[in-house]
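When we follow the working numbering, the leftmost residue of the sequence shown carries the number 853, and every step to the right adds one.
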Amino acid sequence: MADRWALAPAEDGGVDVAPLGPDGLPAGPVRREADPAEAVRSRPGVTRWVWRSTAEVYPRLLAAGVRVERCYDIEAAETLLLGHEGRYGEPRSAAAALARLRGGPVPPDPPLRSAEPGSQSSLFEPQGVRLPLPDLLAVYAEQQRRHERAEHPDRMRLLTAAESAGMLVAAEMNRAGLPWSAEVHRAVLHDLLGERYAGGGEPRRLAELADEVSAAFGRRVRPDLPADVIKAFAQAGIKISSTRRWEIESVDHPAVKPLVEYKKLYRIWVAHGWSWLQDWVRDGRFRPEFLAGGTVTGRWVTNGGGGLQIPKVIRRAVVADPGWRLVVADADQMEPRVLAAISRDPGLMEVAGRESDLYQSVSERAFSGDRDQAKLAVLGAVYGQTSGDGLKNLAALRRRFPRAVAYVDEAARAGEEGRLVRTWLGRTCPPAARAADEGAEEAGIPLSEDDPQQWVPGYASTNARARGRFARNFVVQGSAADWALLLLAALRRTCADLAAELVFFQHDEVIVHCPEEEAETVVAAIREAADLAGSLTFGRTPVRFPFTTAVVRCYADAK
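The following block contains the structure:
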């Protein structure tokens, strides 16, 4: 039996399947089968399934109890290939790829549908145009040829495989859900916000703080309305340009303390309050829809529920099932380790290969043992902090680790000049306005000359320096995202033989939910997966990618 098969859902609810040869073309007849799950289950020797979209096919298979070892996601690959070719932003669907291949009019991509709170029904709705299997395989074969034309074909193929694996992990995480105690969540809300008033108004504690703010100003002020707050400060003789916390806390006025507290609790009430709990938590699970590769750098996002912005205090509601544990793992000092691996700087690789704290080791080489200064210097090199002490720190870093600093400097120049910038595996950041703006916002890069904390849409696309700063960051953060995909793929493979389930992933943090007796096995698996991902992504280097892990019943206890 061929180890690769193609699968395309049909309008009648069945699927068309066909074995594939080494050239990506059918090696046998196309067959119509009525039951998608049985079509896959009956071919246990298949190691990779080729399909249009994992989001279209895999949730149905998981619902039927069928797990797939590997896949090739054609639309995920199209996104990566378009970016690599400097065509980021062009329609990425399989239908669009087929139209380009045959010289026809290219259809736009369908809009991203909204996730449905508390339900997985949206995961079973096909998005985009279905193609007959022969058309789909024509796109697949052309993508294989395009991979060969990439700057580093082997790396690009690995990136596509990793992105496809990420799609499988995301679908499985969506299916599993994050363990969540509604009882604990309600108790946290009551402790923070007090009683709820009838009619959906602000809870007691917010109402009390609003009264304190108004009393401090000597008139009624709505603390949830920035314009009202700015006006109130102006009438008190204090000029502020925004109600951001960093600006308000610089003001000497009795309204500041209750206002800051109000803003913190208001965010919790709006973003993770009782309505959120009712909408997004069902049967002891929170199910945000994870979207792999949802940003320019390859970082994940969630479609609904704010799954990647869970406040620390709300993490008390993330509680393992009875007899189970949460293995919470954080990658240690990821940015400098990735920078060492991609720059091949001998000194930084040697430091990143030690058992000791990386920033402390850097400080002993370049900053007279001042760890804080060393950390600021390394992160400043990645994020482009070149003013004030940042310039002096960067100079010291450049003397000790010249290849590392030169690597991000060159990426910044490429960004400023409008050239393509790539991660180690080939994920590409184009100079287009959309990419620069999305990526800079994602990275938290200051984009306004007047207000260093203000996000101004369109600013990055028109400002060469801002584009350069993002490109400097992109080569590190994007390469870290590529490494994380391979980490997840390796960890998923280990968990396939256990009861353990991946339930959460965010940039450099992963959570595995497992029976208590499997916890130490999972801890070891995470360590081994990190090492394997490092060697697969960057080749053989002395750089280590350690994790800090905690085995806990409650997510909040890991911090």
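Even glycine gets a Cβ: it sits at the ideal position worked out from N, Cα and C.
Could you check how far apart the C-beta atoms of residue i and residue j are, in whole angstroms? I think they sit under 8 Å.
{"i": "glutamate 1370", "j": "alanine 1341", "result": "Going by Cβ atoms, the distance from glutamate 1370 to alanine 1341 rounds to 19 Å, so no, they are not a contact pair."}
{"i": "alanine 1183", "j": "threonine 1393", "result": "Not really, about 16 Å apart at Cβ, beyond 8 Å."}
{"i": "glutamate 1361", "j": "alanine 1248", "result": "With 8 Å as the limit, glutamate 1361 and alanine 1248 do not qualify as a contact, their Cβ atoms being about 31 Å apart."}
{"i": "leucine 1246", "j": "alanine 1258", "result": "12 Å between Cβ atoms; not a contact."}
{"i": "alanine 1264", "j": "glycine 1330", "result": "Actually they are not in contact, since the Cβ atoms of alanine 1264 and glycine 1330 sit about 14 Å apart, beyond 8 Å."}
{"i": "glycine 935", "j": "threonine 1280", "result": "4 Å"}
{"i": "valine 1081", "j": "arginine 1097", "result": "Incorrect: roughly 12 Å between the Cβ atoms, too far for contact."}
{"i": "cysteine 923", "j": "leucine 1020", "result": "6 Å"}
{"i": "leucine 983", "j": "alanine 947", "result": "6 Å"}
{"i": "alanine 951", "j": "proline 957", "result": "6 Å"}
{"i": "arginine 1056", "j": "glutamate 1064", "result": "Not really, about 13 Å apart at Cβ, beyond 8 Å."}
{"i": "alanine 1068", "j": "alanine 1107", "result": "4 Å"}
{"i": "phenylalanine 1399", "j": "arginine 1379", "result": "6 Å"}
{"i": "alanine 1007", "j": "proline 911", "result": "The sequence shown places arginine at residue 1007, not alanine. No, arginine 1007 and proline 911 are not in contact; Cβ-Cβ is about 30 Å, not under 8 Å."}
{"i": "histidine 999", "j": "threonine 1012", "result": "7 Å"}
With DSSP collapsed to three states, give me the class of residue i.
{"i": "phenylalanine 1397", "result": "coil"}
{"i": "proline 1110", "result": "helix"}
{"i": "threonine 1149", "result": "coil"}
{"i": "arginine 893", "result": "helix"}
{"i": "tyrosine 940", "result": "coil"}
{"i": "aspartate 868", "result": "strand"}
{"i": "aspartate 1302", "result": "Confidence in aspartate 1302 is poor, its pLDDT being 34 and thus under 50, which makes the residue's placement unreliable; the coordinate value appears in the next sentence. Coil at aspartate 1302, not helix or strand."}
{"i": "glutamate 1101", "result": "coil"}
{"i": "arginine 900", "result": "strand"}
{"i": "leucine 983", "result": "coil"}
{"i": "tryptophan 1128", "result": "helix"}
{"i": "leucine 964", "result": "coil"}
{"i": "asparagine 1155", "result": "strand"}
{"i": "tryptophan 1276", "result": "coil"}
{"i": "proline 874", "result": "coil"}
{"i": "alanine 862", "result": "coil"}
{"i": "valine 882", "result": "coil"}
{"i": "arginine 997", "result": "helix"}
{"i": "arginine 1217", "result": "helix"}
{"i": "arginine 1009", "result": "helix"}
{"i": "alanine 1284", "result": "The predicted model places alanine 1284 with a pLDDT of 44, which falls under 50 and marks its position as unreliable, so this point remains unresolved."}
{"i": "arginine 1189", "result": "helix"}
{"i": "arginine 856", "result": "strand"}
{"i": "glycine 1296", "result": "With a pLDDT of only 42 at glycine 1296, under 50, the local geometry of the prediction cannot be trusted, and no value is derived from it."}
{"i": "aspartate 1224", "result": "helix"}
{"i": "proline 1163", "result": "coil"}
{"i": "glycine 1236", "result": "coil"}
{"i": "alanine 1017", "result": "helix"}
{"i": "aspartate 1197", "result": "coil"}
{"i": "lysine 1411", "result": "coil"}
{"i": "aspartate 887", "result": "coil"}
Starting from residue i, follow its DSSP beta bridges and name the residues at the other end.
{"i": "alanine 1402", "result": "Val1180"}
{"i": "valine 1171", "result": "Cys1406"}
{"i": "glutamate 1141", "result": "Asn1155"}
{"i": "glutamate 1207", "result": "In DSSP, glutamate 1207 forms no bridge with anything."}
{"i": "arginine 1134", "result": "Arg1137"}
Is it the case that the Cβ atoms of residue i and residue j are separated by a distance below 9 Å?
{"i": "alanine 949", "j": "leucine 1143", "result": "no"}
{"i": "arginine 1139", "j": "glycine 1018", "result": "no"}
{"i": "valine 1073", "j": "alanine 1059", "result": "no"}
{"i": "leucine 1339", "j": "leucine 1384", "result": "yes"}
{"i": "histidine 1365", "j": "tryptophan 1176", "result": "yes"}
{"i": "alanine 1123", "j": "aspartate 1197", "result": "no"}
{"i": "leucine 932", "j": "tryptophan 901", "result": "no"}
{"i": "arginine 1189", "j": "phenylalanine 1397", "result": "yes"}
{"i": "proline 1375", "j": "leucine 1350", "result": "The residue asked about is misnamed: residue 1375 is valine in this sequence, not proline. It is not a contact, given that the beta carbons lie outside the stated cut-off."}
{"i": "glutamate 1187", "j": "leucine 1243", "result": "no"}
{"i": "valine 869", "j": "alanine 891", "result": "yes"}
{"i": "valine 1170", "j": "cysteine 1347", "result": "no"}
{"i": "valine 1260", "j": "valine 1327", "result": "yes"}
{"i": "glycine 917", "j": "alanine 886", "result": "no"}
{"i": "valine 867", "j": "proline 888", "result": "yes"}
{"i": "arginine 1223", "j": "glycine 1199", "result": "no"}
{"i": "glutamate 1268", "j": "arginine 1344", "result": "no"}
{"i": "aspartate 1173", "j": "glycine 1145", "result": "no"}
{"i": "proline 871", "j": "alanine 879", "result": "yes"}
{"i": "glycine 876", "j": "proline 1282", "result": "no"}
{"i": "aspartate 925", "j": "serine 945", "result": "no"}
query = Which residue spans inside the stretch 1019 to 1094 form an unbroken alpha helix (DSSP H) run of at least 4?
reply = 1034 to 1045, 1056 to 1069, 1078 to 1087
In the stretch 1342 to 1391, which residue ranges form an unbroken beta strand (DSSP E) of at least 3 residues, counting only runs that do not cross its ends? 1353 to 1358, 1361 to 1367
Q. For the stretch 904 to 961, which segments carrying the beta strand (DSSP E) assignment without a break, of at least 3 residues, lie completely within its bounds, in sequence order?
A. 923 to 925
Discussion item. Quick check on the DSSP output: what are the complete alpha helix (DSSP H) runs of length 4 or more inside the stretch 1250 to 1274, in order along the chain?
Written reply: 1254 to 1268
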